[in-house]
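Student: Under full-length UniProt numbering, the first residue of the sequence shown carries the number 1, and numbering increases by one thereafter.
For each residue, glycine too, the CB sits at the ideal point set by N, CA and C.
From a predicted model like this one, the values you see are computed outputs, not experimental measurements.
Please see the structure below; I have some questions.
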Amino acid sequence: MVRKCGYLPIVITLLGGILSKRKSLEEWELVNQNINAYLYKGDEIEKENEIHAVINLSYEDLPYYLKPCFLYMGQFREDETILVNNLYRLWIAQGMISHEHQGNDDQTLMDVAELYLSELASRCIVQVEVENVIRETKYRSFKLHDVVRELCLSKGTKEGFCCHVMNPDRNPMTSFLLGNKTSRHLAIHFGSETKIRREELRITHEDTSKHLRSLQFLNNLRGETIEFPETIVDFRESKMLRVLVFQNFNFEGRKLPRGFGNLIHLRYLQLQKCALDELPSSIGNFRYLHTLNLRGCWNIRVPNIVTKMVRLKQLLLPSYDTRLVGNYRLRLEGLDELETLSGFNSLVHDLKSVTRMKNLRRIRATIHDKQSLWTIIDAISTNWKNLRSCALLVANGCQFTSTEEGLMILQRVFAYPHLYDLRLNVKIGKLLQECENQVIISKLVTLFLFDCKIEGDPMAILGKLPCIEELRIKGSFLGEEMKCHELGFPRLVYLTMEGLPNLKEWKIEKGAMPVIRALEIDNCLLLKMLPDGLRFIRTLGKLVISRMPELGKRVLDDNGGGQDFDKVRHVHHLLERN
Numbered sequence: 001m002v003r004k005c006g007y008l009p010i011v012i013t014l015l016g017g018i019l020s021k022r023k024s025l026e027e028w029e030l031v032n033q034n035i036n037a038y039l040y041k042g043d044e045i046e047k048e049n050e051i052h053a054v055i056n057l058s059y060e061d062l063p064y065y066l067k068p069c070f071l072y073m074g075q076f077r078e079d080e081t082i083l084v085n086n087l088y089r090l091w092i093a094q095g096m097i098s099h100e101h102q103g104n105d106d107q108t109l110m111d112v113a114e115l116y117l118s119e120l121a122s123r124c125i126v127q128v129e130v131e132n133v134i135r136e137t138k139y140r141s142f143k144l145h146d147v148v149r150e151l152c153l154s155k156g157t158k159e160g161f162c163c164h165v166m167n168p169d170r171n172p173m174t175s176f177l178l179g180n181k182t183s184r185h186l187a188i189h190f191g192s193e194t195k196i197r198r199e200e201l202r203i204t205h206e207d208t209s210k211h212l213r214s215l216q217f218l219n220n221l222r223g224e225t226i227e228f229p230e231t232i233v234d235f236r237e238s239k240m241l242r243v244l245v246f247q248n249f250n251f252e253g254r255k256l257p258r259g260f261g262n263l264i265h266l267r268y269l270q271l272q273k274c275a276l277d278e279l280p281s282s283i284g285n286f287r288y289l290h291t292l293n294l295r296g297c298w299n300i301r302v303p304n305i306v307t308k309m310v311r312l313k314q315l316l317l318p319s320y321d322t323r324l325v326g327n328y329r330l331r332l333e334g335l336d337e338l339e340t341l342s343g344f345n346s347l348v349h350d351l352k353s354v355t356r357m358k359n360l361r362r363i364r365a366t367i368h369d370k371q372s373l374w375t376i377i378d379a380i381s382t383n384w385k386n387l388r389s390c391a392l393l394v395a396n397g398c399q400f401t402s403t404e405e406g407l408m409i410l411q412r413v414f415a416y417p418h419l420y421d422l423r424l425n426v427k428i429g430k431l432l433q434e435c436e437n438q439v440i441i442s443k444l445v446t447l448f449l450f451d452c453k454i455e456g457d458p459m460a461i462l463g464k465l466p467c468i469e470e471l472r473i474k475g476s477f478l479g480e481e482m483k484c485h486e487l488g489f490p491r492l493v494y495l496t497m498e499g500l501p502n503l504k505e506w507k508i509e510k511g512a513m514p515v516i517r518a519l520e521i522d523n524c525l526l527l528k529m530l531p532d533g534l535r536f537i538r539t540l541g542k543l544v545i546s547r548m549p550e551l552g553k554r555v556l557d558d559n560g561g562g563q564d565f566d567k568v569r570h571v572h573h574l575l576e577r578n
């Protein structure tokens, strides 16, 4: 069997994924002896070599419900890392996730989608990044190997399933490619400003416009938006669309293209990092919408007509500059089926209706006042019985009026089992030391402390967080000495210390931070040397020293190694930034 794989690791892995589903020696022998016949049974194509046979067999061996899910992945770019939640929502919008696989009432379609991805991963068809701790999802992201992606594209094209267009602005065959009338799912990736005339860049086949189910316009330039070529498609002819994605575009007049309100069958709408003033009131026509994703956008006004979207389950709201929002308030009542709410802002959105959402599984919120903070805390304890994940940014408007009040709030938030992400911008003082009992049972994975004015070394307490993976301390420590104790931070992967003006000495005992991979020290000007304990942390792969010229020279001098270089000579990436 290894010989039939040409001794290529990825092909061997794919065949291993197939054989893992065969539980007897006889089944293994059957695959081994009849691999070509197994693949091409009933298939009217010429016989390919054995390597391609194994690769194709990995697709043919999939159960019926996984084949469209796999082919849909062909729309992503080569070597792209895809967040699993985005993929799940797209699968659900296209009706690829079956209700028949829901095991119980508590299991959502997102849970079923995770089971589907788990099966693809078990067959070695996708490469998944597993979460390091128990959270609301099993996986963080996934990638496709180049060989698997080519299989995905070839099968998708052959079966008229999807069409993938790269850089249409550079491609003289653009009109032909965009006019592939057999495809139901079309992804167009822009790599630069459109060089040809806008009127030449359009979907030409009328049948394609009428029968498209998925249409994605993706600008892949980092940090740069481009003008959307509005003539590319007439949405008045695309009424059967279920998925519409815009990523990183400017729109003419900062308004969505004509005919947008006619897409009454939309299940998924994504306007990521797009420049818009507001959504049109015509979104009230989208009664079947499952996901509305506005993540990465700024100050977009969403009309209160969103309350008509009673089937909405995933709502990802834009960010707001609180100095510009004025009297704008968004009501969220009537969204009783909502499972995910991300981007909630207590200055902009109505909290009372949110606390009554019985099906809420995930919430990410920014809280600016203590009344809203207490309301959120009470809702976690009472109304949100199905909550699995909560991320809170507690802004400086929530300053504690008394030590007793602050201690009560901190103890409660550290103790909540579903709070994985906490970002504090309030004065803590000496309160952290009194939260030890809650810290040791906390499920926090991410903790950011901004200008918290902590008195006393916080590392002794924070090091007892059992699940913490990412810690950032910015301007939050008033003391001069800091110490990471033995066995402290058992799961910490990323640590950033920034703007600690009084820090002079930092000690790390042997055994602390055993799995840390990246460390950044920024603008801690009184810190004169690196901790000697860094030499014991063999997992550390990246060290960044920013705006600290003296310490930078102790690590990397003009000769390539300074006085502290011996402590970090095992680190692959040593960077100094001014």
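For L253, count the other beta carbons within 10 Å of its own beta carbon; 16 or more makes it buried, fewer makes it exposed. Which is it?
Tutor: Sequence inspection shows Gly at residue 253; the Leu mentioned does not correspond to that position. It counts as exposed.
Student: To the nearest angstrom, how far is it from the Cα of G296 to the Cα of A113?
Tutor: Spanning the two alpha carbons is a distance of roughly 24 Å.
Student: Per DSSP, which residues does T340 bridge with? Please list them.
Tutor: Answer is Q314, R362, bridged to T340.
Student: For I454 versus L432, is the C-beta spacing smaller than 8 Å?
Tutor: Contact: yes.
Student: Would you decide whether N396 is buried or exposed? Buried here means 16 or more other CB atoms lie within 10 Å of its CB.
Tutor: Flag for N396 reads exposed.
Student: When DSSP labels each residue in this structure, what does E520 get in the three-state scheme?
Tutor: Reduced to three states, the DSSP call for E520 is strand.
Student: How big is the Cα-Cα spacing for N32 and Y288?
Tutor: Between N32 and Y288, the C-alpha separation is close to 48 Å.
Student: Please name the residue in V394, L263, K504, F76 whose C-alpha comes closest to that of D234.
Tutor: Closest by alpha carbon: L263.
Student: Among I473, K464, G560, L347, which one has its Cα closest to the Cα of V439?
Tutor: Comparing Cα positions, the closest option is K464.
Student: Run through DSSP, which three-state label would Q75 get?
Tutor: Reduced to three states, the DSSP call for Q75 is helix.
Student: For L534, collect the residues of the same chain with a Cβ closer than 7 Å to its Cβ; drop the 5 residues on either side in sequence, then sort them by chain order.
Tutor: If we look at L534 and ignore the five residues flanking it on each side, its Cβ neighbours are I508, L540, K567, V568.
Student: Confirm, please, whether the CB-CB distance from L279 to V243 is below 8 Å.
Tutor: Cβ atoms of V243 and L279: not closer than 8 Å.
Student: Taking 6 Å as the limit between beta carbons, can you name the residues of its chain near R236, skipping five residues before and five after?
Tutor: Excluding sequence neighbours, R236 sits near G259, N262.
Student: For a quick check, are the C-beta atoms of V165 and H189 less than 8 Å apart?
Tutor: Yes, the pair counts as a contact, with Cβ atoms nearer than the cut-off.
Student: Quick one: using the 10 Å Cβ neighbour count with 16 as the cut-off for buried, is H99 buried or exposed?
Tutor: H99 is exposed by the Cβ-count criterion.
Student: Between residue 580 and the rest of its own chain, which residues show a CB-CB distance below 8 Å, the 5 nearest in sequence each way excluded?
Tutor: Residue 580 lies beyond the residue range present for the chain, which begins at 1 and ends at 578; the question has no answer from this structure.
Student: By alpha-carbon positions, which one of H265, P501, F536, I441 ends up nearest to D522?
Tutor: Considering only alpha carbons, the answer is P501.
Student: Over the uninterrupted alpha helix (DSSP H) stretch that includes residue 581, give me the two end residues.
Tutor: No statement about residue 581 is possible, as the shown extent of the chain runs from 1 to 578 and does not include it.
Student: Out of M459, K358, R267, L360, which has the shortest C-alpha to C-alpha gap to R89?
Tutor: For R89, the nearest C-alpha among the options comes from R267.
Student: Checking the sheet assignment: what are the DSSP bridge partners for Y139?
Tutor: Y139 is bridged to V130.
Student: Using 8 Å as the threshold, is the C-beta distance between T81 and S118 below it?
Tutor: Taking 8 Å as the Cβ cut-off, T81 and S118 do not qualify as a contacting pair.
Student: Buried or exposed for Q371, going by 16 or more other Cβ atoms inside 10 Å?
Tutor: Exposed: under 16 other Cβ atoms inside 10 Å.
Student: Could you check whether L221 and I240 sit closer than 8 Å to each other, using their CB atoms as the reference points?
Tutor: The identity of residue 240 in the sequence shown is Met, whereas the question assumes Ile. No, Cβ-Cβ distance for M240 and L221 is not below 8 Å.
Student: To which residues of the same chain is Y320 closer than 6 Å at the C-beta, ignoring the five residues directly before and after it?
Tutor: So the qualifying residues of the chain are N299, N345, V348.
Student: Determine the burial state of N327: buried for a count of at least 16 other Cβ atoms within 10 Å of its Cβ, exposed for fewer.
Tutor: Classification for N327: exposed.
Student: Taking the DSSP output, what are the residues bridged to residue 612?
Tutor: Lying outside 1 to 578, the shown extent of the chain, residue 612 is not represented and no answer is given.
Student: Take the Cβ of T137 as the centre, count every other Cβ of all protein chains shown within 10 Å, and call the residue buried at 16 or more, exposed below.
Tutor: Classification of T137: buried, given that the 10 Å Cβ count is 16 or more.
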